[in-house]
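Protein chains in written order, with this note's numbering: chain X, 1 to 426; chain R, 1001 to 1213.
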Amino acid sequence: MSLDANRGDVRLGGLGPAGIGIGALVGFGGLAATLFLDGIEGTAVFWKSYLLAFMVAQAICLGALFFVLLQHATKAGWSVTVRRPAEAVAANLQWLWILFIPILVLVWSGKGAVLFEWCDTDYMHADHVLEGKMGYLNPTFWSIRAIVYLGVWALLAGFYRSQSVAQDRDGDVRRTLRMQWWAPIGIALYGLTQTFAAIDWVMAIQPKWFSTMFGVYWFAVSCTGFFSFVIVLLALIRGSGCGEKVFTREHFHDLGKLLFAFGVVFWAYIGYSQYMLIWYANIPIETEWFVPRQLGAWFDVSWILILGHFALPFVLLVTRWTKRYRNVLVLIALWMVAMFIVDVYWLVMPSVPEAALAAATSWDELQSAAAAGELAIGWNPSILNLTALLGSVGLVVCGTFFFLGRASLAPTADPRLSEAIAFENF
Amino acid sequence: MSASTPETTTRPQAADTSAATAVSDRGTALWGLAAQFDTPAAIYAAAKKVRDAGYRWFDCHVPFPVHGLDVAMGVQYTILPVLVFFGGLTGMCLAIFLQVFTNSIQVDLWAIVPVIGYQFEVSGKPLISAPAFVPVMFEVTVLLSALTAVGGMLFLNKLPCLYHPVLKSPKMKRITDDRFVLVIEARDPKFVRSATQDLLESLGPERIVELEP
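The following block contains the structure:
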């Protein structure tokens, strides 16, 4: 079989500039609106919304980085064409650190307790358990770690993106070997940084609570985010009339399988494992995280996650044909994007005052207090949640189309390109 | 009694009519005709033509998987996943029933026989605690799914198959090595000794072999 050198060279048409434009408009507009609606006050709602938005964007891009690393580590053939869009999504990690600067500034400004209670040293010293954690949860060490995570991600994403694009030009097979050589190291770095980032930025919202599952849970979250995002992205590209040779039904089928495996089954498995151990042991320091999530409106959100993030997509994606018809798959993927955002919302927002927990004599008392609105459980949906989310996701969309437009939609000189194009599921 | 009357008149007719044409050159019964090819491309093209000619009882015997051959043969997609899904569902329901029943049931059968579950209370949890049941539900679901998958595969493939006419013929030995054989069975409704042989000849095989039952 002769190899046509230009087979994979597919360019994004009018969708590219449109995606950049709309993404930038929504992104900057959303962030500006969030700031404006907040009145530049720096309220708790604003910072929670901002953290939510940042974590959603971070999860999507991190999932993409994991996907790229995994394909190189396993020397996968089928995914060569869809790896380039994943590289473009991951490449956003090169600028995403800019969005983290406000959080860094907040922690150093002395008002960090509005988001992270551990910034309040009096609060930390007052509790023996929390005092013991101060060696880890203090602005200096926390900031150094954050810079390491963001730096590692930016370097890894930049390396894989630039090597792959450079190979389009010079066709050097050694680039593939180099990327493969670094992939296992990259995966180890990725695993450590994403675990500790989840601990530092989400788990530490409630500094007393800990779960050894949390890093893995965040991994499942980011995989859900990325796989549903990339299915929608590829469907948009195909819908714009290009890429039908490189992004085939088989690739959608396989991405659907990955969404099913990581975003539905693995997510539920990890979420349940975390819940079951804490439920069984029933130790207050561990259960305090699940208490607000079973009170008031959060209880309904928890059920929405069980049914909408697991049960429904499980039934929808378990059959073969839903993954093979693009229009069906993209609807499920859009639903999963929504569920992914609900999941991050559910991780970031709920909280319950410790004093109220300590004072409560029974579960019924807490429930009725929450139902009557007398107990603050962190349930205050705000327009700021939405505008901040639109801001960060819009910027990720903008960045993704920017990177997509700067190179071919598929790696033209990858040695496994023909394997990916001819790939078929059985 | 009338049951002693031999009921030979209601034998299936299909076997008789095909038997009329399914006679080998030696005059013995014929199970099918095999055409041997020497490349995957040749058998791929042949399978398409045989499928388009309307045959359904035919099979391809190849030494390694030939991509796309099932589509060329017109093989329907398997029903196995549906069986596995319902196998898994059965397992899940069974697990829920077993755990709820054994732990919490409390009834008097026929108003006199008391049936009481084990009533294990673990760390003050209710007798029916859904979170504690999930691991067992998961395991039994997986177990019955896996058993349905393996059992269903064997059943749908009619395995174990201790005897097969294709394996009987010494001329067919190279299907495990480097030859590709397409076999049309005599029970196919379209099977007519001469016409089927003409069709196979037109596909350009290396040779055509008669298979005995």
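Note that the Cβ used here is the ideal one computed from N, Cα and C, for glycine as well. Note that this is a predicted model, so its numbers are computed, not measured.
Going along chain R in order, which residues have a C-beta closer than 8 Å to the C-beta of residue i?
| i | result |
| --- | --- |
| Y275 (chain X) | P1131 |
Quick one: Cα of residue i to Cα of residue j, how far?
| i | j | result |
| --- | --- | --- |
| Q1013 (chain R) | L1098 (chain R) | In this predicted model, Q1013 (chain R) has a pLDDT of only 43, less than 50, meaning its place in the structure is not dependable; the value taken from the coordinates is given anyway. When rounded, the distance between both Cα atoms is 50 Å. |
| A198 (chain X) | E1121 (chain R) | 36 Å |
| W218 (chain X) | Y345 (chain X) | 13 Å |
| G171 (chain X) | E87 (chain X) | 18 Å |
| V301 (chain X) | Y280 (chain X) | 22 Å |
| A359 (chain X) | L366 (chain X) | 10 Å |
| T176 (chain X) | S408 (chain X) | 17 Å |
| E419 (chain X) | A410 (chain X) | 13 Å |
| M276 (chain X) | G135 (chain X) | 30 Å |
| S79 (chain X) | H251 (chain X) | 7 Å |
| L96 (chain X) | A53 (chain X) | 12 Å |
| G256 (chain X) | L329 (chain X) | 7 Å |
| A1095 (chain R) | S1129 (chain R) | 13 Å |
| T1039 (chain R) | V1062 (chain R) | 10 Å |
| D414 (chain X) | A1149 (chain R) | 38 Å |
| T1102 (chain R) | L1109 (chain R) | 15 Å |
| F258 (chain X) | A297 (chain X) | As written in the sequence, residue 258 (chain X) is Leu, which differs from the Phe given in the question. L258 (chain X) and A297 (chain X): Cα-Cα distance of roughly 31 Å. |
Using a Cβ-Cβ distance under 8 Å, would residue i count as near chain X?
| i | result |
| --- | --- |
| V1100 (chain R) | no |
| V1075 (chain R) | no |
| S1123 (chain R) | yes |
| P1040 (chain R) | no |
| V1164 (chain R) | Per the sequence shown, the amino acid found at residue 1164 (chain R) is His instead of Val. Not closer than 8 Å to any Cβ of chain X, the Cβ of H1164 (chain R) fails to qualify, so no. |
| F1085 (chain R) | yes |
Answer with yes or no whether the minimum CB distance from residue i to chain R is below 8 Å.
| i | result |
| --- | --- |
| N425 (chain X) | no |
| S418 (chain X) | no |
| S2 (chain X) | Here the model assigns S2 (chain X) a pLDDT of 40, short of 50, so the residue's position is not dependable and the matter cannot be decided. |
Excluding the five sequence neighbours on either side, which residues of its own chain have a C-beta within less than 6 Å of the C-beta of residue i, listed in chain order?
| i | result |
| --- | --- |
| G394 (chain X) | G23, V26, G27, G30 |
| T195 (chain X) | G215 |
| W153 (chain X) | L93 |
Which residues in chain X have a C-beta closer than 8 Å to the C-beta of residue i? List them in chain order.
| i | result |
| --- | --- |
| V1134 (chain R) | Y272, M276 |
| H1067 (chain R) | E424 |
Determine the closest residue to residue i out of the options, with distance taken between C-alpha atoms.
| i | options | result |
| --- | --- | --- |
| I40 (chain X) | X:L106, X:T224, X:A91 | X:L106 |
| M1073 (chain R) | R:A1186, R:L1182, R:L1167 | R:L1182 |
| Q1119 (chain R) | R:P1160, R:V1107, R:I1112, R:V1113 | R:V1107 |
| D254 (chain X) | X:V82, X:A126, X:D122 | X:V82 |
| A1045 (chain R) | R:V1084, R:T1102, R:L1200 | R:L1200 |
| G215 (chain X) | X:A183, X:S351, X:D172, X:D200 | X:D200 |
| K1173 (chain R) | R:A1034, R:A1132, R:R1187 | R:A1034 |
| A422 (chain X) | X:F247, X:K323, X:K257 | X:F247 |
| L35 (chain X) | X:R406, X:T387, X:A407, X:D414 | X:T387 |
| L331 (chain X) | X:L233, X:F299, X:I283 | X:L233 |
| F290 (chain X) | X:A360, X:I377, X:F310, X:Q58 | X:I377 |
| V10 (chain X) | X:A204, X:D122, X:I237 | X:I237 |
| G1032 (chain R) | R:N1157, R:E1206, R:V1192, R:G1204 | R:V1192 |
| V427 (chain X) | X:F299, X:A261, X:T212, X:A372 | Since the first residue of chain X shown is 1 and the last is 426, residue 427 (chain X) is not available in this structure. |
| K245 (chain X) | X:V45, X:L417, X:L15, X:G16 | X:L417 |
| S368 (chain X) | X:R326, X:L347, X:Q294 | X:Q294 |
| P17 (chain X) | X:F401, X:A413, X:T412 | X:F401 |
| G21 (chain X) | X:P415, X:V202, X:C398 | X:C398 |
| T224 (chain X) | X:F310, X:V202, X:G13, X:G158 | X:F310 |
| L389 (chain X) | X:L99, X:R320, X:G19, X:A157 | X:L99 |
| R84 (chain X) | X:A372, X:L12, X:I306 | X:L12 |
Residues in its own chain within less than 8 Å of residue i by CB, not counting five upstream and five downstream?
| i | result |
| --- | --- |
| P1006 (chain R) | Note that P1006 (chain R) scores a pLDDT of 42, beneath 50, so its modelled location is shaky and nothing firm can be said. |
| F426 (chain X) | none |
At a CB-CB cut-off below 9 Å, which residues of chain R make contact with residue i?
| i | result |
| --- | --- |
| R320 (chain X) | Y1077, P1081 |
Which bits of chain R does residue i rub up against, with CB to CB less than 7 Å?
| i | result |
| --- | --- |
| W279 (chain X) | P1131 |
| N282 (chain X) | S1123 |
Give me, in chain order, the residues of the same chain whose beta-carbon lies closer than 7 Å to that of residue i; leave out the 5 immediate sequence neighbours on both sides.
| i | result |
| --- | --- |
| F1086 (chain R) | none |
| H72 (chain X) | M179, Q180, A183 |
| R1056 (chain R) | D1188 |
| G263 (chain X) | C223, T224, F227, S228, M336 |
| L155 (chain X) | none |
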